[in-house]
Structure formats: C-alpha cells, structure tokens
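Numbering (full-length UniProt numbering), first residue to last: 1 to 338.
All residues carry an ideal CB built from backbone N, CA and C; glycine is no exception.
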Amino acid sequence: MNFEREGYTFVWKVENLSCAWQRVGKKIESPIFTLDAIEKTRWRLVLYPKGEKIGNYISLYLKRLEGSKGSKVIAIDYELSFLTRDGEILKPNFVSNDTFQKGQAKGASQFKMRDETFQSKCVDEDILTAYCRIWVSSRKNTGSARIFASTIINIDKFSFVWDIENFSKMEISQRNDYVIKSALGDHMVTLELFLTVDNSDELINIYVKTFNQNIKFFRLNSCLLDATGNRTNSGMQEFRAKDLLAGEKLILISKKKLVEKKNIYLPNDILSLNCECDFSTKIAFEGIERIEHGISSKFKKERTENILSMPSIPLVDALRSMYSEGLFCDTELLTRAF
C-alpha cells in the first residue's frame, strides 16, 4: 500500500466473516472514525456480506454519520477496495469524487462477487480486510493519518463422531439425536437424525433446531466414515436464527446405498458420521486498534504494508485467545436415542 500521500486511510479487518449471520440486505458497520483535518467529519464503512440486494455480491459503502460535524454538504475524493493477504489493493478498486450530506452513504452495491472474493487472496484465515482512502484533491494540507480497526465475530467450533448402532434395522419412527449444551447447562443446538421416504427409498436426514435465541448462525458439515477411517463428504449447510428457531433439515444420503455397501460404510452395522459445527452468537469485539499520524517514513511504510501479519493490540489478542481456547463457551455433547 502506498501511504506516502496526503489523506486518510482506514483499514478495517472483519474476522470470521464466513460465520456472519447477515442475510441479503443486512449490514455490518465498521467502528466510527473522524477526519480531523476535513472539518472533523465522522465516517464509517458499511459492509453487506451477502449483498444489499443480490446475494452473490458483497456490497461496500462509505457513510457520513448523521450527527457529523462540518458543512451540511462536503466534497471529497475517496477510494474503496479490499486488501490481499500481502496488503496489496485488490483491483479493480472503486474511486470517486463526490459530495456527501450528513447521513448519506455512497459506494457500490455490486462491489465484488462473493465467491470470487472468498476464493481470492483477500480472504485469509477467514479475515476480510476493507480499505478506504479519503482526500480532497482541491485542497492542500488536508492532513495524513492511518486508522486501523477490527470487528471480530464470535464463533464456537466443535466436532464429534456420531455413531448410530443397528443402522440397517432403523425404522421411520426412530430418532437419534445429539444435544449440545454450554458449560452452564444452557441448551444450544439439537441435531436429530431420522429417515424419510422418497419414491420408496429411505433418505437419511438431520434435523437442526434450537430454542436459544442468542444463536445467530450455525454451520454443519457432515462426513461418512468408512471402515478404514476415510471420510466422504455427505452434506454441508448453513442456518440463520430464523431457520434454527423454526427447525430445518439437511438431507444426507440414501439408506439403501449404504446398506448395499455395508462392508465399507456400516462395519458392525454402525453408521459413523464425522460432524464439524460452527456457530456464532454475537460480535465479540469491535473498535479502533490504533491511529498513526503524519506521512509515513520508509520504515513506517514497510511496517504498515505488513499489517495483516502483525499482532493486534493486547485486548484483541486476549479476546481471540480466549475464544480459540474455549474459555467463554465450553461445550458438552450429550447423545440420546429413542
């Protein structure tokens, strides 16, 4: 990144983006930042992870706050983009000279294709870094500063092997379930395995439900384990809060196909599913990490170009460590069959 120009640069990291619960038209807002030399105006970035209107796009906007200081209408130049893991600006970027009233947001509804963004170099370890530069081309001495902020989506991860005994004899009326509880005994998620009939064939389903309104997002990835321990992907699905409260199901595979290959997939008549789950409940942290004023020296420039690989402030590190070590939510898995 070139920091040797006048103007303000805002770098915003969104961690665990794939577990964002926002649907189409729902947004994540960055921490607020102030441009002291541009009439002390206050701004933020607005990100729509699943698009403002179209689900396969990511939307990104720059917004001037309603209660912002400064003139009623202000003219600025601005640039929006995402950064790669190497700190480079992802092209094509969005550059504009425009006016902003208080409370107004401008940018691009179809900013980047969602799939292309997640497959590109700009999503590293599930972190998306948004980049915004603001300056006034008609003025000199507008000041120079680099503002670094982050938003961390809380996630809990857990995995387990789910063994269904006497599977070949399982009937439509039977249910097998996993109940996931927190360390405090709160009911988190129930996974219930059962059979349904479709054109005389029996299909394996997993019903996902929760009564916990704190859970905003849940992702289930299940794999069949064969007799040698190898895994075959059998289904992955994401659920939002509304889905979970209403109850949703994931269809895996035909029972008949497994029974036909019982020596491979049903050793001792046991169906083994390797399940990996992620769920998010809230924003764990959001805030400004640091602000650097003045035009960068060569040393500073080299340091900021490696921002994505640098450790964050102690508070962010502490929060991330506590979540990765499960200190906030130890999970307990209970199994029941009837």
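Could you tell me whether the segment 256 to 273 touches the segment 159 to 169, using the rule of 3 or more Cβ pairs below 8 Å? Output reads yes: the segment 159 to 169 touches the segment 256 to 273.
May I ask you to report which of helix, strand or coil DSSP gives residue 60? Here the question's residue 60 lines up with position 60 in the sequence shown. DSSP places residue 60 in strand when its eight states are reduced to three.
Is the Cβ of residue 81 closer than 8 Å to any Cβ of chain B? Looking for chain B here will not work: only one protein chain is present.
Quick one: using the 10 Å Cβ neighbour count with 16 as the cut-off for buried, is residue 73 buried or exposed? On the sequence shown, position 73 is the one that residue 73 refers to. The residue is exposed, with fewer than 16 neighbouring Cβ atoms inside 10 Å.
Looking at C-beta atoms only, is the number of pairs between the segment 46 to 66 and the segment 101 to 109 that lie closer than 8 Å three or more? As far as the Cβ criterion goes, the segment 46 to 66 touches the segment 101 to 109, which means the pair count is three or higher.
Can you pull the DSSP bridge partners for residue 235? Against the sequence shown, residue 235 aligns to sequence position 235. 222, per the DSSP bridge assignment.
Assigned exposure category for residue 49 - 16 Cβ within 10 Å defines buried: Within the sequence shown, residue 49 is the residue found at index 49, counting from 1. Counting every other CB atom within 10 Å of its CB across the protein chains shown gives residue 49 a total of 16 or more, marking it as buried.
How about the segment 143 to 155 and the segment 277 to 295: do they share at least three Cβ pairs that are nearer than 8 Å? Yes: the two stretches touch, three or more of their Cβ pairs being nearer than 8 Å.
Below 8 Å between beta carbons: does that hold for residue 41 and residue 64? In the sequence shown, residue 41 corresponds to position 41, counting from 1. In the sequence shown, residue 64 corresponds to position 64, counting from 1. Yes, the Cβ-Cβ distance between residue 41 and residue 64 is below 8 Å.
Alpha helix (DSSP H) runs wholly inside the UniProt domain "MATH" (7 to 134), at least 4 long, in chain order: The DSSP assignment places complete alpha helix (DSSP H) segments of no fewer than 4 residues inside the UniProt domain "MATH" (7 to 134) at 114 to 119, in order along the chain.
Sequence-distant residues of the same chain with beta carbon closer than 7 Å to residue 89, five excluded per side: The residue you call residue 89 lines up with position 89 of the sequence shown. If you ignore the 5 residues before and after residue 89, its C-beta comes within less than 7 Å of the C-beta of 1, 81, 83, 131, all in its own chain and listed in chain order.
Measuring alpha carbon to alpha carbon, tell me which of 204, 121, 206, 75 ends up nearest residue 91. Walking along the sequence shown from the start, residue 91 turns up at place 91. Selected option, being the one with the closest Cα: 121.
So residue 206 and residue 195 are in contact, right, with Cβ under 8 Å, and what is the actual spacing, rounded? Along the sequence shown, read from residue 1 onward, the residue named residue 206 stands at position 206. Along the sequence shown, read from residue 1 onward, the residue named residue 195 stands at position 195. That pair is no contact at about 11 Å.
Suppose contacts are defined by Cβ-Cβ distances below 8 Å. Is residue 27 in contact with residue 46 by that definition? Residue mapping note: residue 27 aligns to position 27 of the sequence shown, counting from 1. Residue mapping note: residue 46 aligns to position 46 of the sequence shown, counting from 1. In this structure, residue 46 lies closer than 8 Å to residue 27 by Cβ.
Tell me which residues share the same chain as residue 21 and place their Cβ nearer than 7 Å to its Cβ, disregarding the 5 neighbours each side in the sequence. On the sequence shown, residue 21 is found 21 positions in, with the first residue counted as 1. Spatial neighbours of residue 21 in its own chain (CB-CB distance under 7 Å, excluding positions within 5 residues in sequence) are listed in chain order as 216, 217, 240, 241, 280.
Would you mind working out which of 119, 221, 171 sits nearest residue 191, comparing C-alpha positions? Position 191 of the sequence shown, counting from 1, holds the residue named residue 191. Answer by Cα proximity: 221.
Take the Cβ of residue 145 as the centre, count every other Cβ of all protein chains shown within 10 Å, and call the residue buried at 16 or more, exposed below. Numbered from its first residue, the sequence shown carries residue 145 at position 145. Under the 10 Å beta carbon count, residue 145 is surrounded by 16 or more other beta carbons and is classified as buried.
Quick check on the DSSP output: the alpha helix (DSSP H) that includes residue 260 runs from which residue to which? In the sequence shown, the residue the question calls residue 260 occupies position 260. Taken as a continuous stretch (DSSP letters only), the alpha helix (DSSP H) holding residue 260 covers 255 to 260.
Below 8 Å on the Cβ atoms is my contact criterion, and I expect residue 76 with residue 134 to pass it. Report the Cβ-Cβ distance as a whole number of Å. Looking up residue 76 in the sequence shown gives position 76. Looking up residue 134 in the sequence shown gives position 134. Confirmed, about 5 Å.
How would you call residue 180, buried or exposed, if buried means at least 16 neighbouring beta carbons within 10 angstroms? What you label residue 180 is simply residue 180 of the sequence shown in a count that begins at 1. Counting the other Cβ atoms within 10 Å of the Cβ of residue 180 gives 16 or more, which makes it buried.
DSSP on residue 169, reduced to helix/strand/coil? Taking the first residue of the sequence shown as position 1, residue 169 is located at position 169. Reduced to three states, the DSSP call for residue 169 is helix.
So, at 6 Å on beta carbons, what are the nonlocal neighbours of residue 252 in its own chain, with the 5 sequence-adjacent residues on each side left out? Residue 252 sits at position 252 when you count from the first residue of the sequence shown. Taken in chain order, the residues that qualify are 204, 234, 235.
Span of the beta strand (DSSP E) around residue 241: In the sequence shown, counting from the first residue as 1, residue 241 sits at position 241. DSSP places residue 241 in no beta strand (DSSP E) but in the uninterrupted alpha helix (DSSP H) bounded by 241 to 246.
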